[in-house]
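Visitor: Residue numbering for the sequence shown follows this note's numbering, starting at 9 and increasing by one per position. Just passing along the structure, written as C-alpha cells.
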Amino acid sequence: RRDDYWDKANYTYDAEQITLKFYSDETGMYVDYQNGVIDAMYNVSANIVEQVQSANTGVVNAVSNGACAILWFNESNEYLANAKVREAICYAIDMDAVGQIAFGSLYRKPHSFLPEGFEGYEEHEGYTFDLDRAQKALDESGYKGSDIKFHYVAMNDGTQSKVAETIQGYLSMLGITLEIETLDMGTALPKMLQRDGTDFQYFSKNGGNPTGELTQLVAGNGKDAPFQCSAIYDDEYNRLCDETTWTTDHEKTVQGCEELVDWLYDNYYGIPVNDAQMALVYNPNVISSFNQCSILKGCLASLTLA
Numbered sequence: 009r010r011d012d013y014w015d016k017a018n019y020t021y022d023a024e025q026i027t028l029k030f031y032s033d034e035t036g037m038y039v040d041y042q043n044g045v046i047d048a049m050y051n052v053s054a055n056i057v058e059q060v061q062s063a064n065t066g067v068v069n070a071v072s073n074g075a076c077a078i079l080w081f082n083e084s085n086e087y088l089a090n091a092k093v094r095e096a097i098c099y100a101i102d103m104d105a106v107g108q109i110a111f112g113s114l115y116r117k118p119h120s121f122l123p124e125g126f127e128g129y130e131e132h133e134g135y136t137f138d139l140d141r142a143q144k145a146l147d148e149s150g151y152k153g154s155d156i157k158f159h160y161v162a163m164n165d166g167t168q169s170k171v172a173e174t175i176q177g178y179l180s181m182l183g184i185t186l187e188i189e190t191l192d193m194g195t196a197l198p199k200m201l202q203r204d205g206t207d208f209q210y211f212s213k214n215g216g217n218p219t220g221e222l223t224q225l226v227a228g229n230g231k232d233a234p235f236q237c238s239a240i241y242d243d244e245y246n247r248l249c250d251e252t253t254w255t256t257d258h259e260k261t262v263q264g265c266e267e268l269v270d271w272l273y274d275n276y277y278g279i280p281v282n283d284a285q286m287a288l289v290y291n292p293n294v295i296s297s298f299n300q301c302s303i304l305k306g307c308l309a310s311l312t313l314a
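Right, dumping it as C-alpha cells:
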C-alpha cells in the first residue's frame, strides 16, 4: 500500500480497520446483524429495512443507487407498435402505487428516464394515472382491450413479481390480459435478449456504469441494444442516438441525451418506475453515523464510531 493511500489532508478516518463480509442472500446477513456478528448492513432491500424498523434494531439511511428502474415496451409486439396503445398503458397504471407496493419505504418517485443527480437529468411531468385518458387513447388505437394479450417475463427476485402483478391488475381495467412468466435470472435473461422474448422488460438505467458514459443510459436502447426486447427501431430515435454517441463534444452529448429523454416521453416507449434507492443499516451502539450520498460512492470517512 502506498504511504499516501489515505487522503488525510482532506479527510479524517475514525475507523482504522473495517472487516467486510460478503453474503449470497440478505436474510443470512440480517441474521448475523441480529446476532452481533456484523455492525452494519450495506445495500439492503425494503424487506429488511421494514424488519429493522419494526424491531427497532438499528438506524436506516436510504441513499441513491444511481439508477432509474423503467418498464420498457417491446415495439415488435403488434399492439405495442401502436403509439395509442402505448399511451393508453402509460396512463392506465398508477405508478406511484406500483412503486410503493414493489419498493415500500425505499420507493422514490422518478421524474425522468435518467437517475436523479446524473448529468443530463431534467425533471419531466411524466404520466399521471388517468383511466379516462387511457380509455380514450385505446379507443383511438382501433383496438379493444379484450383484443389485447401481453406476455411479461419477470425475474423471481420479489420486486419484479410485485411490479408485474400490480401492472396486471391495472391493465385489466382496460380489459387487457397480461400473462406473467416468473423465472430465475439465468432463464429470464436469454429470453430478454431475443426480439420476441417478452412484451415488457423491467430494466434499470444505471448511472454507475463502469465507464460513466452518459450515452449508455439512453442511447443504449437503440436498434443495436443487446436486450432486443426493449430495443427501439424508430429511425428518428436511432438518428438521435447516433448523433449523441458519435461526437467528442460533451455539450452535444448532454443535449442529445436530454432530447432522447424528451422523445421517450413523447412517444410512450416505457414508464419510469423508481428512482432507485438502497439502504445502509447500522448498530448505533457501535457506529454513531454512516453517511454517504450514494451507494456508488462509499468512503471510510463517512463512518464514525460511537
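A virtual CB, placed ideally from N, CA and C, is assigned to each residue, including glycine.
Could you check whether L186 and A347 sit closer than 9 angstroms to each other, using their CB atoms as the reference points?
Guide: What is shown of the chain runs 9 to 314, which leaves residue 347 out entirely.
Visitor: Starting from the C-beta of Q209, find all residues in its chain whose C-beta is less than 6 angstroms away, skip the five residues before and the five after it, and write them out in chain order.
Guide: Position 201 of the sequence shown, counted from the start, is the residue given in the question as residue 209. So the qualifying residues of the chain are W80, M200, C237, S238.
Visitor: Straight-line CA distance for G161 to T20?
Guide: Position 153 of the sequence shown holds residue 161. Position 12 of the sequence shown holds residue 20. In the sequence under discussion, the amino acid at residue 161 is Val, which differs from the Gly named in the question. One C-alpha to the other measures close to 48 angstroms.
Visitor: Given this structure, state the Cα-to-Cα distance separating V289 from Q25, to the nearest angstrom.
Guide: Locating residue 289 in the sequence shown gives position 281, counting from the first residue. Locating residue 25 in the sequence shown gives position 17, counting from the first residue. Rounded to the nearest angstrom, the two C-alpha atoms are 19 angstroms apart.
Visitor: Note the first and the last residue of the continuous beta strand (DSSP E) segment covering K157.
Guide: Numbered from its first residue, the sequence shown carries residue 157 at position 149. Its beta strand (DSSP E) spans residues 157-163.
Visitor: Per the DSSP calculation, L186 is bridged to which residue(s)?
Guide: Within the sequence shown, residue 186 is the residue found at index 178, counting from 1. DSSP output for L186 lists F158 as bridge partner(s).
Visitor: Exposed or buried, L182, counting other C-beta atoms within 10 Å across all chains shown (16 or more means buried)?
Guide: As a working mapping, residue 182 is identified with position 174 in the sequence shown. Burial call: buried.
Visitor: Comparing C-alpha positions only, which one of A23, D22, Y41 sits nearest to Y315?
Guide: This structure gives no information on residue 315, because the portion of the chain shown stretches from 9 to 314.
Visitor: Below 8 angstroms CB to CB, which residues in the same chain sit around T136 once its five sequence neighbours on both sides are set aside?
Guide: As a position in the sequence shown, residue 136 is number 128, starting the count at 1. The residues are Y99.
Visitor: From D11 to N18, what does the alpha carbon distance come to, in whole angstroms?
Guide: Along the sequence shown, read from residue 1 onward, the residue named residue 11 stands at position 3. Along the sequence shown, read from residue 1 onward, the residue named residue 18 stands at position 10. Their Cα atoms are separated by approximately 15 angstroms.
Visitor: Use the C-beta contact count for M286: other C-beta atoms within 10 angstroms, 16 or more gives buried, fewer gives exposed.
Guide: Counting from 1 along the sequence shown, the entry for residue 286 is found at position 278. Per the 10 Å Cβ criterion, buried.
Visitor: At what residues does the beta strand (DSSP E) containing I279 begin and finish?
Guide: Taking the first residue of the sequence shown as 1, we reach residue 279 at position 271. From DSSP, the beta strand (DSSP E) with I279 extends over 278-290.
Visitor: If you check the beta carbons only, do A89 and E95 fall under 9 angstroms apart?
Guide: Counting from one through the sequence shown, the residue named residue 89 turns up at place 81. Counting from one through the sequence shown, the residue named residue 95 turns up at place 87. It is not a contact, given that the beta carbons lie outside the stated cut-off.
Visitor: Roughly how many whole angstroms lie between the Cα atoms of L28 and V57?
Guide: Locating residue 28 in the sequence shown gives position 20, counting from the first residue. Locating residue 57 in the sequence shown gives position 49, counting from the first residue. If you take the alpha carbons of L28 and V57, they lie about 20 angstroms apart.
Visitor: Is I56 helix, strand or coil by DSSP?
Guide: Against the sequence shown, residue 56 aligns to sequence position 48. Correct three-state label for I56: helix.
Visitor: Note down, in chain order, each residue of its chain lying with its Cβ closer than 7 angstroms to the Cβ of S154, except the 5 sequence neighbours on either side.
Guide: For the purposes of this step, residue 154 is taken as residue 146 along the sequence shown, with counting starting at 1. So the list reads G183, once near-sequence residues are dropped.
Visitor: Does the region 67-78 come into contact with the region 113-124, if we say contact requires no fewer than three beta-carbon pairs (one atom in each stretch) closer than 8 angstroms?
Guide: In short, these stretches touch, since the Cβ pair count reaches three.
Visitor: Who are the Cβ neighbours of F111 in its own chain at under 6 angstroms, not counting the five residues just before and after it?
Guide: As a working note, residue 111 is residue 103 in the sequence shown. Around F111: A54, N282.
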